[in-house]
Amino acid sequence: AQSVTQPDIHITVSEGASLELRCNYSYGATPYLFWYVQSPGQGLQLLLKYFSGDTLVQGIKGFEAEFKRSQSSFNLRKPSVHWSDAAEYFCAVGAVGNQFYFGTGTSLTVIP
Amino acid sequence: KAGVTQTPRYLIKTRGQQVTLSCSPISGHRSVSWYQQTPGQGLQFLFEYFSETQRNKGNFPGRFSGRQFSNSRSEMNVSTLELGDSALYLCASSTPGLASYEQFFGPGTRLTVL
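In order, the protein sequence lines correspond to chains H and W. Each residue of the first sequence is one higher than the one before, counting from 48 in my numbering. Each residue of the second sequence is one higher than the one before, counting from 157 in my numbering.
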């Protein structure tokens, strides 16, 4: 069965520090992988996506993610976090029929 | 291009009532998906409509239903509301083809059941 696991419920980092959010997936075929960000009271905004090809993908707001098939992982990274990055982050895998499977999310707090 | 719009943004209902939520996709998008977001369960897939047909359905009771109109606008209905239906309901639209795996989300409708 398809599933997405985000092991970290909550992460706190200092502004300017690097960030890595973990995501592991279970999917029978080639996965289509996504990272979304949600600010309080808002919908989800797409940060980046992986369909095929280069396993290191670049997204908006300085985020990147690396697809590692052997580890079934798609971790999100940012070299230097800004206070405005504080939000909820969701990893998702897209399946046939547009049925997305989302992780439970990681809440990011940024300390000034 | 205007984004996905959802109306109303906030709703308060009482147990036993029914509610209808509306979603207008991005112009040209023919697929509309609905999700329920709660603190305990995260984002859960409700159903997806494409060209007025339900293509896929999540694991929700029959009280949750939807439809899509010829202009791709979609409505979601919840009958006999329960306290546990309190949630943020998100709608997402996408285009046909490979790009359909990229979904664009609306701001959501916050439903509170008292």
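Just so you know, even glycine gets a beta-carbon here, dropped at the ideal spot from N, CA and C. Computed from a prediction, not measured in an experiment: that's the story for all the values here.
Check	Outcome
At a Cβ cut of 7 Å, what residues of the region 63-83 of chain H count as close to chain W, listed as they run along the chain?	79
Is the region 159-179 of chain W touching the region 206-217 of chain W, taking contact as three or more C-beta pairs under 8 Å?	no
Measuring only the C-alpha atoms, how far is residue 223 of chain W from residue 251 of chain W?	18 Å
So with CB distances below 7 Å, who are the chain W contacts of residue 141 of chain H?	257
Run the CB neighbour count on residue 132 of chain H, radius 10 Å, all protein chains shown included, and call it buried at 16 or more, exposed below.	buried
For chain W, check one thing: does any of its Cβ atoms lie closer than 8 Å to the Cβ of residue 137 of chain H?	yes
May I ask you to verify whether the region 99-117 of chain H touches the region 72-82 of chain H, counting CB pairs closer than 8 Å and requiring at least 3?	yes
Compare the C-beta of residue 215 of chain W with all C-beta atoms of chain H and state if any pair is closer than 8 Å.	no
Would DSSP call residue 120 of chain H helix, strand or coil?	strand
Closest to residue 196 of chain W by C-alpha separation, out of H:102, H:152, H:157, H:159, would be which residue?	H:152
Among H:150, H:54, H:70, H:159, which residue has its Cα nearest to the Cα of residue 120 of chain H?	H:70
According to DSSP, is residue 83 of chain H part of a helix, a strand, or is it coil?	strand
Using beta-carbon positions only, say whether residue 130 of chain H and residue 106 of chain H come within less than 8 Å of one another.	no
Quick check for students: name the residue ranges of the beta strand (DSSP E) that lie wholly in the region 193-248 of chain W, counting only runs of 3 or more.	198-206, 209-213, 220-224, 230-234
Just the Cα atoms here: how many angstroms apart are residue 165 of chain W and residue 72 of chain H?	32 Å
Are the beta-carbon atoms belonging to residue 90 of chain H and residue 264 of chain W less than 8 Å from one another?	yes
For residue 246 of chain W, which residues in chain H fall below 8 Å Cβ to Cβ?	90, 91
Ordered along the chain, which non-local residues of its own chain (more than five positions away) have a Cβ less than 8 Å from that of residue 98 of chain H?	79
Hey, is residue 100 of chain H's beta-carbon within less than 8 Å of any beta-carbon in chain A?	Given the protein chain composition of this structure (H and W), no chain A is represented.
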